[in-house]
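K.L.:
Chains as they are written, first to last, in the working numbering: chain A, 1 to 173; chain B, 1001 to 1173.
Backbone N, C-alpha and C fix where the C-beta goes; we use that ideal spot for every residue, glycine too.
Since the model is a prediction, treat every value here as computed from it, not as a measurement.
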């Protein structure tokens, strides 16, 4: 698909930034706002027949949601290092991390690419790292079978968490 | 969780808007950028043992992605009306629409709530509606079993599409 960028203008810079792109696709000129967000990690933390999920107040929906641990990849971190840090900060475990899947959360207008890891051999961390100041997280152990049910019952309302749980639960061996 | 909004300031208005919220949670004051995006619909279009997916150039990742048909709920539309319109615009079918799941795409910073429908009894539309000017969409019929494989192979890189396909394929009866 022949795409030519005509202009790209930053309209806001912050933890989440916004730019306005003008580009031509198949000769048609299109203008579009693009949310610029750092790549991120999500972790499916597996403890026997259970997952360790978190509940967290989310300002955007103004709700407390049940989600997998996740967060931005900070400057200089590899995805694996970010996943280990988020596990420490959000659930207080170390584990063996295996890359599983990668996905865009909202590719229609947002650059965020999330690297999903599966964490096993979980070990509780004695001295927890300080959490990001906007986090208000409670870790919850949920049986995998119960987590799958919550994907259908509406108890889980986060697309990445549903994708992660169902991808793991229905993975062809 | 006691949350008090201190201030909320629009910093950009457009098809995607951005605001900066200052709020206190458990007494701690937090500042956060929030992306404001209209609620949306996604459609799992089922034709026998196949799904009708679309490929579309996405500016944010600068890639052509394989996704379910989806789009914003326009002013005055119900989710069902939006789903019918998007099916017309993006794949050129009508169908029987059943609400399936609802999810936030990026609840950490984005207000978008997507209503997922399952569409069956598909009928091709003779005279297609004009598409949004930024769309460059090719409909593709993919066997459900092949679509599930693509969720694991990396051929599908969109979280909502992976969540939708796996939720449908592994739905407990």
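1. Are any of the Cβ atoms in chain B nearer than 7 Å to that of residue 168 (chain A)?
2. Measuring only between beta-carbons, confirm whether residue 10 (chain A) sits less than 7 Å from chain B.
3. Once DSSP output is grouped into helix, strand and coil, what is the label at residue 1110 (chain B)?
4. Given a limit of 8 Å on CB to CB distance, which residues of the stretch 49-60 of chain A reach chain B?
5. Determine the direct distance from the alpha carbon of residue 3 (chain A) to that of residue 113 (chain A), and round the result to whole angstroms.
6. Is the distance from the Cβ of residue 88 (chain A) to the Cβ of residue 125 (chain A) below 7 Å?
7. Per DSSP, residue 1061 (chain B) is paired with what?
8. Considering only C-alpha positions, which residue in the set B:1137, B:1161 and B:1138 is nearest to residue 1144 (chain B)?
9. Taking residue 1061 (chain B) as the reference, which of A:111, A:97 and A:23 has the closest Cα?
10. So which residues of chain A does residue 1025 (chain B) contact, with C-beta pairs closer than 9 Å?
11. Looking at the C-beta of residue 1014 (chain B), does it have a partner C-beta in chain A at a distance below 7 Å?
12. What are the start and end residues of each continuous alpha helix (DSSP H) run of 4 or more residues lying completely inside the stretch 75-126 of chain A, in chain order?
13. Taking the alpha carbon of residue 1079 (chain B) as the reference point, which residue from B:1038, B:1105 and B:1066 has its own alpha carbon closest?
14. Quick one: Cα of residue 1028 (chain B) to Cα of residue 58 (chain A), how far?
15. Against residue 1107 (chain B), what residues of chain A qualify as contacts under a CB-to-CB distance less than 7 Å, listed in chain order?
16. Identify the contact partners of residue 1034 (chain B) in chain A, using a Cβ-Cβ distance below 9 Å as the criterion.
17. Among B:1169, B:1119 and B:1153, which one has its Cα closest to the Cα of residue 1044 (chain B)?
18. In chain order, what residues of the stretch 93-122 of chain A put their CB closer than 8 Å to some CB of chain B?
19. Is DSSP giving residue 1153 (chain B) helix, strand or coil here?
P.N.:
The relevant details are as follows:
1. no
2. no
3. strand
4. 57, 58, 59 and 60
5. 21 Å
6. It is a contact, given that the beta carbons lie within the stated cut-off.
7. None; residue 1061 (chain B) has no bridge partner.
8. B:1161
9. A:111
10. 57, 59, 134 and 136
11. yes
12. As far as the stretch 75-126 of chain A is concerned, its whole alpha helix (DSSP H) runs of at least 4 residues are 79-90.
13. B:1038
14. Residue 1028 (chain B) and residue 58 (chain A) have their alpha carbons spaced roughly 15 Å apart.
15. Ordered by position in chain A, the residues that pass the 7 Å Cβ test against residue 1107 (chain B) are 58, 60, 61, 65 and 158.
16. Those within 9 Å of residue 1034 (chain B) in chain A are 16, 59 and 60.
17. B:1119
18. 101, 102, 103, 104, 105, 106, 107, 108, 109, 110, 111, 112, 113 and 114
19. helix
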